[in-house]
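Visitor: Here the sequence shown is numbered in our numbering, starting from 174 and rising by one per residue. Idealized CB from N, CA, C, for every residue including glycine.
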Amino acid sequence: MSAASIRLPLWAQTVASLAGAPAAGPLLLGVDYYPDQTPEALWEEDARMMADFGFTNVRIAEFAWALMEPAEGKFDFAWLRRSVDILHKHNIAVILGTPSAAPPPWLTAKYPDIVEVNEKGERLHPGGRRFTCPTNQAYRRLSLIIASEMARTFTETQGVIGWQIDNEFTLGSSQRCYCNYCQAGFQTWLRSRYGTLDNLNQSWGTVFWSQTYTDFSQIPVPLPSGGDPNPGLALDYDRYQSYANVSFQQEQLDMLRKTCPRHFVTTNNVGLVDTINMRDLYEKLDFTAFDNYPGFFDMLMAQQGRMGSSAFVSSSIALGHDLARSVKGGKPFMIMEEQSGKAGQKTFSPQPEKGQARLWTYQAIAHGAMGVNYFRWDTATFGAEEYWHGILNHDRSKSPAFDEIKQGVRELKALGREVLYSNYVADAALVFDYDCSWALAIQPGHFRLAYLDQIVSWYGAISASRSGIDVIGPEIDLSAYKIVFAPVAYVMSEKQAARIRSFVQGGGMFVTNFRLGVKTETSQIVRTPLPGLLRDVMGVTVEDYIPVYSAKNGMKFSPALAGPDSECVLWTDILQPAGAEVLASYTMGAHAGQPAITMNSFGKGKAVYIGGDLNEASLARVLRTLSGMAGVKPPLEVPAGVEVTVRKAGNKQWIFVLNHGASSQSVNLPAAFVDLLTGEKLTGKIDIGAYGVRVLQA
Ligand code: GLA
Ligand code: ZN
Numbered sequence: 174m175s176a177a178s179i180r181l182p183l184w185a186q187t188v189a190s191l192a193g194a195p196a197a198g199p200l201l202l203g204v205d206y207y208p209d210q211t212p213e214a215l216w217e218e219d220a221r222m223m224a225d226f227g228f229t230n231v232r233i234a235e236f237a238w239a240l241m242e243p244a245e246g247k248f249d250f251a252w253l254r255r256s257v258d259i260l261h262k263h264n265i266a267v268i269l270g271t272p273s274a275a276p277p278p279w280l281t282a283k284y285p286d287i288v289e290v291n292e293k294g295e296r297l298h299p300g301g302r303r304f305t306c307p308t309n310q311a312y313r314r315l316s317l318i319i320a321s322e323m324a325r326t327f328t329e330t331q332g333v334i335g336w337q338i339d340n341e342f343t344l345g346s347s348q349r350c351y352c353n354y355c356q357a358g359f360q361t362w363l364r365s366r367y368g369t370l371d372n373l374n375q376s377w378g379t380v381f382w383s384q385t386y387t388d389f390s391q392i393p394v395p396l397p398s399g400g401d402p403n404p405g406l407a408l409d410y411d412r413y414q415s416y417a418n419v420s421f422q423q424e425q426l427d428m429l430r431k432t433c434p435r436h437f438v439t440t441n442n443v444g445l446v447d448t449i450n451m452r453d454l455y456e457k458l459d460f461t462a463f464d465n466y467p468g469f470f471d472m473l474m475a476q477q478g479r480m481g482s483s484a485f486v487s488s489s490i491a492l493g494h495d496l497a498r499s500v501k502g503g504k505p506f507m508i509m510e511e512q513s514g515k516a517g518q519k520t521f522s523p524q525p526e527k528g529q530a531r532l533w534t535y536q537a538i539a540h541g542a543m544g545v546n547y548f549r550w551d552t553a554t555f556g557a558e559e560y561w562h563g564i565l566n567h568d569r570s571k572s573p574a575f576d577e578i579k580q581g582v583r584e585l586k587a588l589g590r591e592v593l594y595s596n597y598v599a600d601a602a603l604v605f606d607y608d609c610s611w612a613l614a615i616q617p618g619h620f621r622l623a624y625l626d627q628i629v630s631w632y633g634a635i636s637a638s639r640s641g642i643d644v645i646g647p648e649i650d651l652s653a654y655k656i657v658f659a660p661v662a663y664v665m666s667e668k669q670a671a672r673i674r675s676f677v678q679g680g681g682m683f684v685t686n687f688r689l690g691v692k693t694e695t696s697q698i699v700r701t702p703l704p705g706l707l708r709d710v711m712g713v714t715v716e717d718y719i720p721v722y723s724a725k726n727g728m729k730f731s732p733a734l735a736g737p738d739s740e741c742v743l744w745t746d747i748l749q750p751a752g753a754e755v756l757a758s759y760t761m762g763a764h765a766g767q768p769a770i771t772m773n774s775f776g777k778g779k780a781v782y783i784g785g786d787l788n789e790a791s792l793a794r795v796l797r798t799l800s801g802m803a804g805v806k807p808p809l810e811v812p813a814g815v816e817v818t819v820r821k822a823g824n825k826q827w828i829f830v831l832n833h834g835a836s837s838q839s840v841n842l843p844a845a846f847v848d849l850l851t852g853e854k855l856t857g858k859i860d861i862g863a864y865g866v867r868v869l870q871a
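1) Could you tell me which residues DSSP pairs with Pro750 in its beta bridges?
2) Mark Thr554 as exposed unless 16 or more other C-beta atoms lie within 10 angstroms of its C-beta, in which case mark it buried.
3) Could you tell me the distance, in whole angstroms, from the CA atom of Ser256 to the CA atom of Asp453?
4) Does the distance between the C-beta of Thr281 and the nearest non-hydrogen atom of the ligand ZN fall short of 7 Å?
5) Which one of Pro812, Gly633, Arg672 and Phe228 has the shortest CA to CA distance from Leu585?
6) At a cut-off of 7 Å, would you count Trp550 as near the ligand GLA, judging by its Cβ distance to the nearest heavy atom?
7) Could you check the C-alpha separation between Gly198 and Asp459 for me, to the nearest Å?
8) Taking 6 Å as the limit between beta carbons, can you name the residues of its chain near Met451, skipping five residues before and five after?
9) Do His263 and Arg296 come within 8 Å of each other at the CB atom, strictly closer than that value?
10) What separation, rounded to the nearest whole angstrom, lies between the Cα atoms of Ala623 and Leu445?
11) Should Asp746 be labelled buried (16 or more other beta-carbon atoms within 10 Å of its own) or exposed?
12) Taking the alpha carbon of Lys725 as the reference point, which residue from Asp225, Ser739, Val419 and Ala484 has its own alpha carbon closest?
13) Is Glu341 near the ligand GLA, with its Cβ less than 7 Å from a heavy atom?
14) Taking a cut-off of 5 Å, which residues have a beta-carbon closer than that to any heavy atom of the ligand ZN, in chain order?
15) State whether the stretch 361-376 contacts the stretch 325-337, with contact taken as three or more CB pairs (one from each stretch) at a distance under 8 Å.
16) Return yes when the C-beta of Asp209 is under 7 Å from any heavy atom of the ligand GLA, and no when it is not.
17) Going by DSSP, name the residue or residues bridged to Gln697.
18) Nearest by alpha-carbon distance to His833: which of Thr685, Cys609, Pro807 and Leu532 is it?
19) Should Pro299 and Thr271 be called a contact, given that it needs their Cβ atoms to be closer than 8 Å?
20) Hey, quick one: how far does the alpha helix (DSSP H) through Lys777 stretch, first residue to last?
21) At the level of alpha carbons, what is the spacing between Gly762 and Pro404?
22) Which first and last residues belong to the alpha helix (DSSP H) in which Asn418 is found?
23) Of all the options Glu577, Asn546, Gly801 and Thr369, which has the alpha carbon lying nearest to the alpha carbon of Ala637?
24) Start and end of the beta strand (DSSP E) containing Glu816?
25) For the candidate residues Val267, Asp568, Ser482 and Asp643, whose alpha-carbon lies nearest to that of Ala601?
26) If I measure Cβ to Cβ from Ile698 and keep anything under 8 Å in the same chain, skipping five residues before and after, which residues do I get?
27) What residues in its chain sit with their C-beta under 6 Å from that of Tyr413, if we drop five residues either side in the sequence?
28) Would you list the residues sitting across from Asn773 in a DSSP beta bridge?
29) Does the beta carbon of Glu558 fall short of 7 Å from some heavy atom of the ligand GLA?
30) Would you call the stretch 672-690 and the stretch 367-385 touching, i.e. three or more CB-CB distances under 8 Å?
31) Does the distance between the C-beta of Asn418 and the nearest non-hydrogen atom of the ligand GLA fall short of 7 Å?
32) I'd like to confirm the pairing. Which residues does DSSP put opposite Cys355 in its beta bridges?
33) Would you say Asn441 touches the ligand GLA, meaning its beta carbon is less than 7 Å from a heavy atom?
34) Got a sec: does the ligand GLA put a non-hydrogen atom nearer than 7 Å to the Cβ of Glu511?
35) For Glu667, collect the residues of the same chain with a Cβ closer than 7 Å to its Cβ; drop the 5 residues on either side in sequence, then sort them by chain order.
36) Would the beta-carbon of Trp561 be found less than 7 Å away from any heavy atom of the ligand GLA?
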């Protein structure tokens, strides 16, 4: 999709003309603001300082239900209108948040069963936030009422430009609800999915353990029982919970489309979670808006004692951005909350290093963002997030990142909408399939095998090829790519298999690994030899599939993938080629010498099966080598720790070079470029300072 071909919806035209700029879309370089938590005497000063900072907009009110509806049916928006008016006077546009993520105490006291039940069957308690059941009708009705009252009140208000529905769906302490309402909702959803009980019983294989249902009302939710649930039921429950949240959102969206046709509508979430299907969540919204907290994520990983490596964190963050863009087919997205200081609740991350907050801003833009809002303007002196530091400190002095964020905002305005709304260029795609993630979590096969971990490791390895990566769903046509990666493609539908087959036939390279095509969409195991539907394309049969514990295995590579032997970390699929060429073989135990990686020629393309779980270094080398074979060329050769992406509009092209390291790096330019941030003309060897950024144009 080209930026020029984007036909602007009414809201975008309005905002663009308000700002007196060429119509590409709104400029959303703003900040998350809490007038509800700030003495009114400071609102004017806040707005003045924000305008001086260069901010274009705020997002407000997403946690202010108790102030907007102090008692059921009694509304008070006067304070919010005063705040919007002050902001508007200073030319700060407003995104309003609907407040359903945190219902007030009067509501939970009167309607206690809106509170969600966790996976152990325990009801949560009000007192935090995000403790609600997505199915419960009373909660849905009351959420829609407050959102409708807000919409009616502010639809014509000068300065209001858009909406954020709710806040981070599913990201509470328990991501699924298992209450009676959800059980009934699940049963209704199953009825429309399967039509008949016969079909449902067959699809799940309920004859196993005598689970044949004779009435939809008998179907349980996967709460603790004497044994594990039916895998088909459990997978459908994940799908249902995602659907329930999306359809909850849809009620507010339908209302907003009617009441506020001039405004854009989005919601905020984060990249690397599989608690909700982001493609469904954003399908009918105007653009994706994600929250980004690299330092907080780093702290969280360390706290969990898992994957605390900086490589995992940085891959996850970059992947989150690529997902945000890909969720809506490449359309420019927004960061609704960008980390601006120390971040956390009970414990918090360190202050970002000098330069990092500006670097993270550019990273978002480099991956296809059109706007960034920072979390948050001031730092609260009360409440659970007192230690989530903003752009102002507790005493309202400037935070350490104040000046560099201000500089970034100024620079991005100078780069302008043409860059912010340009397209991202990708030759490679990584398949990220929620069904696979859910089905594998239900039966991982190895207690440490997790879909998201595999996706992140593969992303990290592929990004070494600097190819630009789209993170796509299984329903996407693949013909735009040179190479498509699909790790642990455990659930494979016939349609997806057909798309992969025609992609390879047409000349693409498809790269996958162990556990390919094991399951049907209803989570039954295929009745053919593995890899099931893709056996002909891959040109192999899986002779055996083996999790790795104390009996180790390793891999030796053929000259095509030459490099040191790899250990097989979690898994080995033992392969029997049927026409495929062998690129690596196992080194230990009963299967020593047997094929571990194969490449098949199929039609005009190639299909590669990586049977063993490679260590980090080998995975990076193998995937990078395959990218090279597929004809992927990096726009620039750069050292490790430096990221390069390309954005494009018509025949203009911008190369973003980002140094994520604490020391300066050098890069050799193959031609003459201008750095648009400094105006310097550059050739040959150039430096990129610590946490530095270059935006290059030929
Ligand atoms: C999230 C939420 C915000 C706030 C910040 C910091 O992403 O959307 O409400 O809680 O993180 O915790
Ligand atoms: Zn529920």
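Guide: With the given structure in hand:
1) Paired residue(s): Val713.
2) Answer is exposed; the Cβ neighbour count stays below 16.
3) Between Ser256 and Asp453, the alpha-carbon positions lie close to 34 Å from each other.
4) Within 7 Å of the C-beta of Thr281 there is not a single heavy atom belonging to the ligand ZN.
5) Closest option to Leu585, Cα to Cα, is Phe228.
6) Result no, Cβ not under 7 Å from the ligand GLA.
7) About 11 Å.
8) Correct list, in chain order: Val500.
9) For Arg296 and His263, no; Cβs fall outside 8 Å.
10) Cα to Cα, Ala623 sits roughly 13 Å from Leu445.
11) Flag for Asp746 reads buried.
12) The shortest C-alpha to C-alpha distance from Lys725 to any of Asp225, Ser739, Val419 and Ala484 is the one to Ser739.
13) Checking the Cβ of Glu341 against the ligand GLA gives yes.
14) Listed along the chain, these residues meet the criterion: Cys306, Thr308, Cys350, Cys352, Tyr354 and Cys355.
15) These segments do not touch.
16) Answer for Asp209: no, Cβ out of range of the ligand GLA.
17) Gln697 has no beta-bridge partner at all, per DSSP.
18) In terms of CA proximity to His833, Leu532 leads the group Thr685, Cys609, Pro807 and Leu532.
19) Their beta carbons are not under 8 Å apart, which means Pro299 does not touch Thr271 by this criterion.
20) Segment: none, Lys777 is in no alpha helix (DSSP H) and carries neither H nor E.
21) Rounded to whole angstroms, Gly762 to Pro404 spans 32 Å at the Cα level.
22) Per DSSP, Asn418 is one residue of the alpha helix (DSSP H) stretching across Pro404 to Thr432.
23) Among Glu577, Asn546, Gly801 and Thr369, the Cα nearest to that of Ala637 belongs to Gly801.
24) Per DSSP, Glu816 belongs to the beta strand (DSSP E) from Val815 to Ala822.
25) Considering only alpha carbons, the answer is Asp643.
26) So the list reads Val691 and Lys692, once near-sequence residues are dropped.
27) Excluding residues within five positions, the ones whose Cβ falls inside 6 Å are Phe359 and Trp362.
28) Per DSSP, the beta bridge partners of Asn773 are Ala780.
29) Distances from the CB of Glu558 to the heavy atoms of the ligand GLA include at least one below 7 Å.
30) No, because fewer than three Cβ pairs between the stretch 672-690 and the stretch 367-385 fall closer than 8 Å, the two stretches do not touch.
31) No, the Cβ of Asn418 stays beyond 7 Å of every heavy atom of the ligand GLA.
32) Cys355 pairs with nothing; no bridge assigned.
33) Asn441: yes, Cβ under 7 Å from the ligand GLA.
34) Not a single heavy atom of the ligand GLA lies less than 7 Å from the C-beta of Glu511.
35) The beta carbon of Glu667 is closer than 7 Å to those of Leu706 in its chain, skipping five residues each way along the sequence.
36) Set against 7 Å, the gap from the CB of Trp561 to the closest heavy atom of the ligand GLA is smaller.
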